[in-house]
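With the first letter of the sequence shown counted as 1, position 194 gets the number 194 in full-length UniProt numbering; the numbers rise by one all the way through. Where a beta carbon is used, it is the ideal one built from N, C-alpha and C, also for glycine. These numbers were taken from a predicted model, which means no experiment stands behind them.
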Amino acid sequence: MVMAVIEQEGFESLEGVDKVDATDETEEEKPRPKLEGKKIIFVLGGPGSGKGTQCERIISDFGFDHYSAGDLLRTEVKNGTPVGTMCANLMREGKLVPAEVTMALLYKSIQASTARAILIDGFPRALDQGMGFEAQICESEFTLFFDCPQEVMEERLLKRGETSGRADDNVATIKKRFSTFMESSLPVIEHYEAKGKVRKISAVPSPDKVFEMVMAVIEQEGFESLEGVDKVDATDETEEEKPRPKLEGKKIIFVLGGPGSGKGTQCERIISDFGFDHYSAGDLLRTEVKNGTPVGTMCANLMREGKLVPAEVTMALLYKSIQASTARAILIDGFPRALDQGMGFEAQICESEFTLFFDCPQEV
């Protein structure tokens with residue numbers, strides 16, 4: 001029934017849509033414009049260098065956004081998007097995901113970001129990736145390189161392996177991973193070092209000591225920690241003076257249904273069969289809280305005090321996600337929960353196409 005409704009609204013399932021390769025001639029004829037005003041920090045370091053821990057602390061203290069090429073690909077695969085399906089098939093066949101696919105995912109995420117700066121974690125892994133990124137997306141500010149001797153990384157990973165259960169935490173694999181990192185990433189470091197764009201930090205001391213050095217580097221680059229930045233509420237007068245333009249060309253489908261109605265399962269199948277994007281207001285808020293962004297910190301404090309998150313915050317997160325989407329249509333799951341939310345959405349963001357309501361009796 002769901003398929004029938006969506007097809008009646010003019011959408012073909014992916015089986016009936018010509019799939020366009022990410023590197024086809026149409027894309028080449030319409031190159032993406034380079035992004036402006038984005039401050040990009042590449043973050044590199046070998047396995048066991050602790051860069052993941054340091055990234056988490058940078059996000060928390062400076063409110064930067066953080067993207068990992070690997071995580072972006074895994075999300076596409078998990079969500080069953082057309083790109084994710086293609087990548088999963090390639091990986092099953094032991095083939096590499098085309099660099100253009102990774103670049104397109106990074107472009108989309110960076111384009112949507114409103115953070116002061118963006119950490120790109122574990123990228124570029126090879127010199128051609130870095131040069132491709134800067135040619136197609138934007139220049140990087142600098143590269144944060146966590147320098148750590150092989151024996152220290154080896155010791156840390158073996159210790160982690162005692163409790164992690166990870167198959168790759170063994171001596172032979174660790175040495176191979178270190179060797180691969182040095183072979184592919186050393187030319188990247190040397191390239192940016194020659195341009196004066198590498199900030200090398202010893203990853204040998206304790207995490208706290210390392211972060212002190214990280215903070216010093218980032219502050220030298222002109223960024224204050226959030227403690228030194230005036231936090232602006234999302235509903236302040238400045239925002240009201242600069243209203244967001246309504247979005248055009250976006251096909252929005254609200255998805256509603258009571259608890260136990262199965263709308264989550266149906267959304268997953270719609271995503272898989274039609275390639276739509278899918279956003280949940282609750283998930284967007286939880287992601288902000290988890291990532292320790294300024295908005296997330298504000299929301300966490302409000303929720304701890306038993307207060308409601310302002311509707312404008314939810315609306316801003318939905319706007320940002322919808323603006324970045326290139327899908328044929330977008331499912332907004334579990335929203336609007338009240339009439340004023342729906343009216344506010346259509347007044348501030350865009351009109352919806354229709355609402356998909358899963359009707360289910362209470363006893364079922």
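With respect to the alpha helix (DSSP H) encompassing residue i, which residues constitute its N-terminal and C-terminal limits?
i: Ile271; result: Lys263 to Phe274
i: Val43; result: Run containing Val43: none in the alpha helix (DSSP H); it sits in the beta strand (DSSP E), Ile40 to Gly45.
i: Lys200; result: Per DSSP, Lys200 belongs to no alpha helix (DSSP H); it is in the beta strand (DSSP E), Val198 to Ser202.
i: Leu127; result: Leu127 to Gln136
i: Ser185; result: Val171 to Ala194
i: Phe254; result: Unbroken run through Phe254 is the beta strand (DSSP E), Ile252 to Gly257; no alpha helix (DSSP H).
i: residue 401; result: With the chain running from 1 to 364 in the structure shown, residue 401 is simply not present.
i: Ile218; result: Pro207 to Gln220
i: Ala300; result: Pro294 to Arg304
i: Met103; result: Ala99 to Ala112
i: Val5; result: Val2 to Gln8
i: Arg244; result: Looking at the DSSP string, Arg244 is not in any alpha helix (DSSP H), and its letter there is neither H nor E.
i: Gln13; result: Note that residue 13 corresponds to Ser in the displayed sequence, not to Gln. No alpha helix (DSSP H) holds Ser13; DSSP gives it neither H nor E.
Can you tell me whether residue i is buried or exposed, with buried defined as 16 or more other CB within 10 angstroms of its CB?
i: Lys263; result: buried
i: Gln129; result: buried
i: Gly50; result: buried
i: Asp277; result: buried
i: Pro259; result: exposed
i: Glu288; result: buried
i: residue 381; result: Lying outside 1 to 364, the shown extent of the chain, residue 381 is not represented and no answer is given.
i: Val255; result: buried
i: Phe211; result: buried
i: Met315; result: buried
i: Val364; result: exposed
i: Arg199; result: buried
i: Gly292; result: buried
i: residue 396; result: Outside the shown range of the chain (1 to 364) lies residue 396, about which nothing can therefore be said.
i: Val295; result: buried
i: Met131; result: exposed
i: Leu339; result: exposed
i: Met153; result: buried
i: Gly46; result: buried
i: Val214; result: buried
i: Ala347; result: exposed
i: Pro207; result: exposed
i: Ala203; result: buried
i: Glu155; result: exposed
i: Gly37; result: exposed
i: Pro124; result: buried
i: Leu318; result: buried
i: residue 372; result: In this structure the chain extends from 1 to 364, so residue 372 is not present and cannot be described.
i: Leu44; result: buried
i: Pro336; result: buried
Could you say which of the options lies nearest to residue i if we only look at CA atoms?
i: Leu285; options: Gly275, Met303 and Ser272; result: Met303
i: Ile253; options: Leu72, Arg74, Ile322 and Asp121; result: Ile322
i: Lys320; options: Ala112, Val171 and Pro207; result: Ala112
i: Arg269; options: Glu56, Thr81 and Tyr67; result: Thr81
i: Cys360; options: Gly257, Pro124 and Lys175; result: Gly257
i: Ile218; options: Ala300, Ser261 and Arg116; result: Arg116
i: Lys246; options: Glu141, Asn89, Ile349 and Gly94; result: Ile349
i: Gly63; options: Val313, Thr297, Leu339 and Glu363; result: Thr297
i: Ser109; options: Ser68, Leu90, Ser140 and Gly94; result: Ser68
i: Glu248; options: Arg328, Thr265 and Leu158; result: Arg328
i: Pro33; options: Gly306, Ala104 and Leu226; result: Ala104
i: Gly122; options: Arg156, Lys39 and Gln54; result: Gln54
i: Ala135; options: Val313, Tyr107, Phe146 and Glu9; result: Tyr107
i: Lys159; options: Val171, Lys95 and Val313; result: Val171
i: Lys175; options: Leu186, Leu157, Lys209 and Phe223; result: Leu157
i: Lys290; options: Gln362, Phe178 and Asp65; result: Asp65
i: Phe358; options: Ala216, Asp333 and Asp273; result: Asp333
i: Leu356; options: Asn301, Cys299, Ser261 and Cys148; result: Ser261
i: Gly48; options: Glu305, Ser13, Ser325 and Pro205; result: Pro205
Taking residue i and residue j to be in contact with their CB atoms under 8 Å, please state how far apart those CB atoms are, rounded to whole angstroms.
i: Lys78; j: Gly70; result: Their Cβ separation, rounded to whole angstroms, is 12 Å, which puts Lys78 and Gly70 out of contact at 8 Å.
i: Ala311; j: Gly282; result: Contact doesn't hold; Cβ gap of about 14 Å is too wide.
i: Gln266; j: Val101; result: That belief does not hold up - the Cβ atoms of Gln266 and Val101 are roughly 28 Å apart, past 8 Å.
i: Ile201; j: Leu144; result: 7 Å
i: Ser140; j: Ile41; result: 7 Å
i: Glu9; j: Phe354; result: 6 Å
i: His191; j: Leu127; result: 6 Å
i: Phe142; j: Glu193; result: Not quite, the Cβ-Cβ distance comes to about 10 Å (not below 8 Å), so this is no contact.
i: Thr251; j: Ile330; result: Position check: residue 251 holds Lys in this sequence, whereas Thr was assumed. The Cβ separation is near 7 Å, so the contact holds.
At a Cβ threshold of 8 Å, is residue i touching chain B?
i: Cys138; result: No chain B appears in this structure, which consists of one protein chain only.
Identify the residues that DSSP records as bridge partners of residue i: which are they?
i: Lys78; result: Looking at the DSSP assignment, Lys78 forms no beta bridge with any residue, so it has no partner.
i: Ile120; result: Phe42 and Tyr67
i: Ser280; result: Asp333
How far does the beta strand (DSSP E) with residue i in it extend, from its first residue to its last?
i: Thr355; result: Ser352 to Phe358
i: Thr326; result: Element bounds for Thr326: n/a, residue is neither H nor E.
i: Thr143; result: Ser140 to Asp147
i: residue 389; result: Only positions 1 to 364 of the chain appear in the structure, and residue 389 is not among them; the question remains open.
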